[in-house]
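Engineer: Once you've had a glance at the structure underneath, I'll fire off some questions.
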Amino acid sequence: MRRPYFACMESPDRPSEIATPYDPGSVESKWRARWAERGTNVADIRNAARPYYALMMFPYPSAEGLHVGNMFAFTGNDIFARYQRMQGLDVFEPLGYDAFGIHSENYALKVGVHPAEMIPRNIANFRRQLERGGLMVDWSRSLSTTDPEYYRWTQWVFLQLYNKGLVYKKAAAVNWCPTDKTVLANEQVIAGACERCGSIVEQRFLEQWFFAISRYADRLLNNLDALDWSETTKTAQRNWIGKSEGAEIWFDGIKVFTTRPDTIFGATYVVLAPEHPLVDAHTTEQQRAAVDEYRDRASRRDLVSRKTIRDKTGVATGSTVTNPATGEQIPVWVSDYVLMEYGTGAIMAVPAHDERDLEFAHGFELPVKKVVHEDDTLVESGEFDGMTVHDAKRAIIQSLSAKGQGTAVTNFRLHDWCISRQRYWGPPIPIIYCDDCGVVPVPEKDLPVLLPMIDDFKPDDSGISPLARHDEWYRVACPTCGKMGRRETDVSDTFLDSAWYFLRYPNVGDNSVAFDPGVTKKWLPVDSYIGGNEHAVLHLLYSRFVTMVLHDIGLIDFEEPFTKFRAHGLIIREGAKMSKSKGNVVNPDEYIDTWGSDAFRTYLMFLGPFEEGGDFRDQGISGVRRFLDRLWACVRDLAPDAPPDAEVDRKLHATIRKVGDDIPRLGYNTAIAAMMEYMNTLRKGDRVPRRSEVEPLVQLVAPFAPHLAEELWEQLGNSGSVFDSTWPVFDPALLSTDEVEIAVQVNGKMRGRLRMARDVTQAVAASQAMNDESIAKFVTGAPKKIIFVPGRLLNIVA
RNA sequence: GCUCGGAUGGCGAAAUGGGUAGACGCGAGGGACUUAAAAUCCCUUUCGGGAUAACCGAAUGCCGGUUCGAGUCCGGCUCCGAGCACCA
5 MRRPYFACME SPDRPSEIAT PYDPGSVESK WRARWAERGT NVADIRNAAR
55 PYYALMMFPY PSAEGLHVGN MFAFTGNDIF ARYQRMQGLD VFEPLGYDAF
105 GIHSENYALK VGVHPAEMIP RNIANFRRQL ERGGLMVDWS RSLSTTDPEY
155 YRWTQWVFLQ LYNKGLVYKK AAAVNWCPTD KTVLANEQVI AGACERCGSI
205 VEQRFLEQWF FAISRYADRL LNNLDALDWS ETTKTAQRNW IGKSEGAEIW
255 FDGIKVFTTR PDTIFGATYV VLAPEHPLVD AHTTEQQRAA VDEYRDRASR
305 RDLVSRKTIR DKTGVATGST VTNPATGEQI PVWVSDYVLM EYGTGAIMAV
355 PAHDERDLEF AHGFELPVKK VVHEDDTLVE SGEFDGMTVH DAKRAIIQSL
405 SAKGQGTAVT NFRLHDWCIS RQRYWGPPIP IIYCDDCGVV PVPEKDLPVL
455 LPMIDDFKPD DSGISPLARH DEWYRVACPT CGKMGRRETD VSDTFLDSAW
505 YFLRYPNVGD NSVAFDPGVT KKWLPVDSYI GGNEHAVLHL LYSRFVTMVL
555 HDIGLIDFEE PFTKFRAHGL IIREGAKMSK SKGNVVNPDE YIDTWGSDAF
605 RTYLMFLGPF EEGGDFRDQG ISGVRRFLDR LWACVRDLAP DAPPDAEVDR
655 KLHATIRKVG DDIPRLGYNT AIAAMMEYMN TLRKGDRVPR RSEVEPLVQL
705 VAPFAPHLAE ELWEQLGNSG SVFDSTWPVF DPALLSTDEV EIAVQVNGKM
755 RGRLRMARDV TQAVAASQAM NDESIAKFVT GAPKKIIFVP GRLLNIVA
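Right, here's the structure in full:
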């Protein structure tokens with residue numbers, strides 16, 4: 005890496021003095037201290053006149069420290085927030101920590117430090133790094149999800165949903181590692197094996213708590229249309245919710261779901277999922293052994309390999325059912341290519357018109373019957389022959405439902421949200437089991453249910469959550485009858501922590517409520533939310549769901565939490581993805597030490613479009629630093645003020661417009677380019693800029709390089725913070741010139757450029773072009789047609 | 001396999017209600033300053049032909065189309081990235 009230079013040239017105006025070079029280290033620590041001391045970044049939650057909530061997704065405080073990707077995202081949000089402040093808004097920019105979860109727990113187990121000890125240390129390091137980043141964060145309202153004063157309200161949110169009847173318990177399949185004796189998340193299963201010990205993962209059924217998010221599927225889908233969100237994010241949510249319209253049809257006692265009722269005449273067999281409750285009833289004695297063996301094998305397969313290894317296996321039950329359309333008897337099979345968790349866990353197989361069914365039919369020599377023509381009309385379908393697929397769907401459903409054999413049904417891919425974790429490092433689920441009263445929610449006055457400080461938080465052979473091993477915590481009096489009961493020993497998913505945190509930020513410090521109605525009305529919904537597209541689905545969907553429920557309960561008056569959401573891109577380095585194993589991770593501390601926080605921030609934003617990300621190339625940062633050096637030198641070496649230079653003034657106003665257009669649409673890279681261009685104009689040749697030319701530039705730069713801007717703003721003789729100054733305004737009158745350059749084409753090819761009056765007519769422009777030999781020589785005959793775009797272009801078609 | 005992005009100089013990238021392709025920055029080359037070097041400042045820099053000039057030609061992943069005019073719109077491909085994965 006190159007070292008920064010330290011310019012020690014003499015000022016042309018003051019040859020006897022040694023000019024002061026820009027030293028980011030001292031400027032930045034000075035202003036960070038000032039901001040802290042003056043409370044510059046603290047929002048007036050109660051009295052703000054024009055509240056603006058600029059939120060960014062909070063980080064997981066890892067032991068490795070802040071990732072440059074975090075810095076990139078936070079800086080992008082910070083620039084937008086600072087810009088809004090300079091528009092006169094009262095901006096609230098909070099930041100906290102998402103510190104519960106399996107990540108911390110596994111890491112703590114690995115290094116042998118208790119998470120309760122490790123997390124505060126990581127947070128302190130994060131805070132130090134974040135502060136160096138010069139973010140306009142209101143640190144007086146930070147939070148950590150691990151703080152009892154926070155998770156007390158996470159538990160409270162659980163209870164609100166519980167009371168609303170949206171929480172239920174059921175047995176669900178989970179990945180089970182027989183060696184570690186623990187449940188694994190899907191992402192912890194790699195090619196069917198446990199990522200830590202390598203043993204083959206199995207499937208187990210365990211009692212789990214669920215949130216009934218699928219009841220909100222339609223609303224979650226429909227509301228998307230009205231949201232000002234990145235289109236890619238909305239699409240991801242739509243796909244995830246996965247609405248599909250079809251029918252449920254009875255094949256004797258078996259109910260199947262299909263989106264293609266029109267193909268029912270081609271249904272040559274029925275398939276049940278191995279877990280389907282009717283498998284036993286439909287299995288003949290001859291087939292029982294084979295079916296049991298198959299089901300047993302399927303149950304031992306882990307969820308991931310079952311979903312990735314796609315060889316079609318299966319076994320016949322030996323029985324048949326009636327196809328309600330044809331009246332024929334068709335065989336019933338069992339196969340794990342049918343999933344119990346989608347639809348009814350049973351399908352009618354139409355091998356002629358479904359690839360998966362076809363593959364299975366080929367493997368087991370089952371009949372294939374074609375019922376739809378290439379032109380999308382039905383054949384071999386009795387009275388429905390000749391109908392289009394579209395019409396037949398409705399007609400067949402109607403006919404079946406008249407006979408009580410089917411009904412139109414809408415299915416969603418979205419499944420209910422499993423929030424149970426058989427782990428230690430999370431908020432305990434506030435439920436008590438009593439032999440007499442059954443399941444009893446912990447009364448709100450008894451919250452929080454504190455996570456006890458225990459040393460043996462490692463899962464053991466029992467397969468039960470570690471908390472169950474601690475009798476003094478586990479045994480508790482029933483809140484209803486007072487008899488000794490037992491606590492729920494599962495903790496909740498971290499996605500619950502983050503599904504409501506935006507409601508808490510403005511209320512941090514108020515321990516009497518989760519969120520105060522007045523404060524919430526003033527600040528929410530969030531005006532602008534910025535985060536990664538990796539959370540496009542789960543986090544954003546869960547947050548929307550929780551918000552909708554709280555709205556339905558009457559606790560808040562809006563049902564969508566984020567008015568505007570923009571997904572930022574990803575940073576790569578020298579064309580490659582950054583990873584610890586490749587050793588190419590950018591450490592923000594290192595770059596800030598060498599180049600300064602302002603240069604680092606500005607460079608991150610200069611890499612490429614914020615919403616697309618960029619390629620971090622070590623050499624590139626010098627260009628941005630040079631720009632800041634020049635800005636410093638401009639203020640230091642100001643020429644005596646004089647009337648504005650017309651050319652420079654015009655450029656200044658064009659720059660104010662460009663930067664003001666670009667920042668709100670997150671076009672930071674082009675905003676920086678425009679300021680650099682202006683700088684080149686300012687210093688063209690040996691030009692020494694004047695105060696009136698430089699001062700507005702200091703304001704434009706402020707969101708990007710806040711410390712430097714504050715320092716220069718002060719050096720220019722201003723008292724308050726540059727962020728309390730008013731964003732410069734451009735004069736549109738200055739932006740249009742009397743003369744413009746008009747592109748001249750012959751037959752669509754560029755042949756020259758002519759300077760002409762802005763309002764020149766087509767006739768004048770054409771004759772002037774024809775008088776120019778270098779253009780006229782390409783015009784071979786009499787012009788057939790002339791295209792004229794006033795003020796821009798002339799095209800002579802010969 | 002499906003969904004969503006993307007492909008422009010040596011490199012990161014600009015420019016999309018169709019209208020001067022390559023702004024800005026990096027790198028490279030040259031010059032000024034200096035005893036010298038570094039730093040700084042200035043100039044050049046898409047490619048090819050041509051004498052380093054004038055000038056001419058080509059060019060936004062590939063093939064075709066619409067248009068006076070296409071990086072931008074339409075159709076068909078190729079490649080790269082991300083996410084989801086038997087969703088009936």
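Using our numbering, read the first sequence as starting at 5 and increasing by one per residue. Just so it is clear, CB atoms sit at the ideal spot from N, CA and C, and this is done for glycine as well.
1. Determine, using beta-carbon pairs with one atom in the region 91-103 and one in the region 509-528, whether at least three such pairs fall under 8 Å.
2. Considering A128, what are the terminal residues of the beta strand (DSSP E) in which it resides?
3. Along the chain, where does the beta strand (DSSP E) containing N327 start, and where does it finish?
4. Pull up the distance between the alpha-carbon of A1 and that of M760, whole angstroms please.
5. Considering just the uninterrupted stretch of the beta strand (DSSP E) at D619, what are its terminal residues?
6. For T330, I'd like the list of residues in its chain whose CB is within less than 7 Å of its CB, leaving aside the five on either flank, ordered along the chain.
7. Could you pull out every residue in the same chain whose Cβ sits closer than 6 Å to the Cβ of I596, ignoring the five residues on either side in sequence?
8. Output the boundary residues of the beta strand (DSSP E) element that contains F62.
9. Just verifying my parser: in three-state terms, what is the DSSP assignment at E249?
10. Between Q719 and V639, how many whole angstroms is the CB-CB distance? I'm expecting something under 8 Å.
11. Can you check DSSP and say which residues form a bridge with G795?
12. Please list the segments of the alpha helix (DSSP H) lying wholly inside the region 508-544, counting only runs of 4 or more residues, in order along the chain.
13. Exposed or buried, which one is T236 when buried takes at least 16 other CB atoms within 10 Å?
14. For T741, which three-state DSSP category applies?
15. Taking only the alpha-carbon atoms, compute the straight-line gap between T551 and W233 and give it to the nearest angstrom.
16. On the DSSP letters alone, give me the boundaries of the alpha helix (DSSP H) that R38 sits inside.
17. Using the three-state DSSP reduction, which class does P335 fall into: helix, strand or coil?
18. Between A353 and the rest of its own chain, which residues show a CB-CB distance below 6 Å, the 5 nearest in sequence each way excluded?
19. What does DSSP give as the partner residue(s) for V171 in the beta ladder?
20. Whose C-alpha, out of R427, S385 and D459, is nearest the C-alpha of E121?
21. For E448, tell me which candidate among A176, K662 and I435 has the shortest Cα-Cα distance.
22. Start and end of the alpha helix (DSSP H) containing N684?
23. Per DSSP, which residues does V95 bridge with? Please list them.
24. Is there contact here, the region 124-144 with the region 488-497, by at least three beta-carbon pairs under 8 Å?
25. Kindly indicate which three-state DSSP category E206 falls into: helix, strand or coil?
26. Grab the span of the beta strand (DSSP E) containing Y273 for me, first residue to last.
27. Is the Cβ-Cβ distance between A176 and N126 less than 7 Å?
28. Measure the beta-carbon distance from A709 to T606 and round it to whole angstroms, keeping in mind my assumption that it falls under 8 Å.
29. State the beta-bridge partners of T321 as determined by DSSP.
30. With distances taken from CA atoms, which of E384, T317 and F209 is nearest V372?
31. In whole angstroms, give me the CA-to-CA distance for P658 and L797.
32. Where T498 and T326 are concerned, what is the direct C-alpha to C-alpha distance, given to the nearest angstrom?
33. Indicate whether the contact test is met: 3 or more Cβ pairs, each with one atom in the region 80-95 and one in the region 766-775, closer than 8 Å.
34. Just the C-alpha distance for G410 and A251, rounded to the nearest angstrom, thanks.
35. Assess, as a yes-or-no matter, whether the region 533-543 is touched by the region 553-572 under the definition of 3 or more beta carbon pairs within less than 8 Å.
36. With 16 other CB atoms within 10 Å as the buried threshold, where does D379 fall?
Structural biologist: Taking the geometry as given:
1. yes
2. One-based indexing of the first sequence puts residue 128 at position 124. No beta strand (DSSP E) holds A128; the alpha helix (DSSP H) holding it covers P119 to R136.
3. In the first sequence, the residue the question calls residue 327 occupies position 323. Unbroken run through N327: none, as it is neither H nor E.
4. Any question about residue 1 goes unanswered here, given that the chain covers just 5 to 802.
5. Here residue 619 is taken as the residue at index 615 of the first sequence, counted from 1. From DSSP, the beta strand (DSSP E) with D619 extends over G617 to F620.
6. In the first sequence, counting from the first residue as 1, residue 330 sits at position 326. F269.
7. Here residue 596 is taken as the residue at index 592 of the first sequence, counted from 1. Cβ-Cβ distances below 6 Å link I596 to R136 and F604 in the same chain, with the five nearest sequence neighbours on each side left out; the list follows chain order.
8. Working through the first sequence from its first residue, we reach residue 62 at position 58. Careful: F62 lies outside any beta strand (DSSP E) and carries neither H nor E.
9. Translated into positions along the first sequence, residue 249 becomes position 245. Strand at E249.
10. What you label residue 719 is simply residue 715 of the first sequence in a count that begins at 1. What you label residue 639 is simply residue 635 of the first sequence in a count that begins at 1. Going by Cβ atoms, the distance from Q719 to V639 rounds to 6 Å, so yes, they are a contact pair.
11. Here residue 795 refers to the residue found at position 791 of the first sequence. None, per the DSSP bridge assignment.
12. 521-527
13. Position 232 of the first sequence, counting from 1, holds the residue named residue 236. Exposed, since its Cβ has fewer than 16 Cβ neighbours within 10 Å.
14. Walking along the first sequence from the start, residue 741 turns up at place 737. Note: T741 maps to coil in three-state DSSP.
15. Here the question's residue 551 lines up with position 547 in the first sequence. Here the question's residue 233 lines up with position 229 in the first sequence. If you take the alpha carbons of T551 and W233, they lie about 17 Å apart.
16. Position 34 of the first sequence, counting from 1, holds the residue named residue 38. Run containing R38: P28 to R42, per the alpha helix (DSSP H) assignment.
17. In the first sequence, residue 335 corresponds to position 331, counting from 1. P335 falls in the strand class under three-state DSSP.
18. Within the first sequence, numbered from 1, the residue matching residue 353 stands at position 349. Closer than 6 Å at Cβ, skipping near neighbours: Y273, V275 and D361.
19. Residue mapping note: residue 171 aligns to position 167 of the first sequence, counting from 1. For V171, which the question treats as bridged, DSSP gives the partners F215.
20. For the purposes of this step, residue 121 is taken as residue 117 along the first sequence, with counting starting at 1. For E121, the closest alpha carbon among the candidates R427, S385 and D459 is that of D459.
21. As a working note, residue 448 is residue 444 in the first sequence. Nearest neighbour of E448 by Cα position, chosen from A176, K662 and I435, turns out to be I435.
22. In the first sequence, counting from the first residue as 1, residue 684 sits at position 680. Per DSSP, N684 belongs to the alpha helix (DSSP H) from Y672 to L686.
23. The sequence position of residue 95 within the first sequence is 91, counting from 1. BP columns for V95 point to Y56.
24. no
25. Here residue 206 refers to the residue found at position 202 when the first sequence is read from its first residue. Note: E206 maps to strand in three-state DSSP.
26. Walking along the first sequence from the start, residue 273 turns up at place 269. Per DSSP, Y273 belongs to the beta strand (DSSP E) from Y273 to L276.
27. Against the first sequence, residue 176 aligns to sequence position 172. Against the first sequence, residue 126 aligns to sequence position 122. No, the Cβ-Cβ distance between A176 and N126 is not below 7 Å.
28. The count along the first sequence starts at 1 and reaches residue 709 at position 705. The count along the first sequence starts at 1 and reaches residue 606 at position 602. Rounded, the Cβ-Cβ distance is 6 Å, consistent with contact.
29. Counted from its first residue, the first sequence places residue 321 at position 317. None; T321 has no bridge partner.
30. Here the question's residue 372 lines up with position 368 in the first sequence. The shortest C-alpha separation from V372 is found at E384.
31. Walking along the first sequence from the start, residue 658 turns up at place 654. Walking along the first sequence from the start, residue 797 turns up at place 793. In the sequence as presented, Pro is not what sits at residue 658; that position holds Ala. Each residue's alpha carbon lies about 22 Å from the other.
32. In the first sequence, the residue the question calls residue 498 occupies position 494. In the first sequence, the residue the question calls residue 326 occupies position 322. Each residue's Cα considered, the two are about 47 Å apart.
33. The region 80-95 makes no contact with the region 766-775; the number of CB pairs closer than 8 Å stays below 3.
34. Numbered from 1 along the first sequence, position 406 holds the residue referred to as residue 410. Numbered from 1 along the first sequence, position 247 holds the residue referred to as residue 251. C-alpha separation (whole angstroms): 7 Å.
35. yes
36. Translated into the one-based positions of the first sequence, residue 379 becomes position 375. The residue is exposed, with fewer than 16 neighbouring Cβ atoms inside 10 Å.
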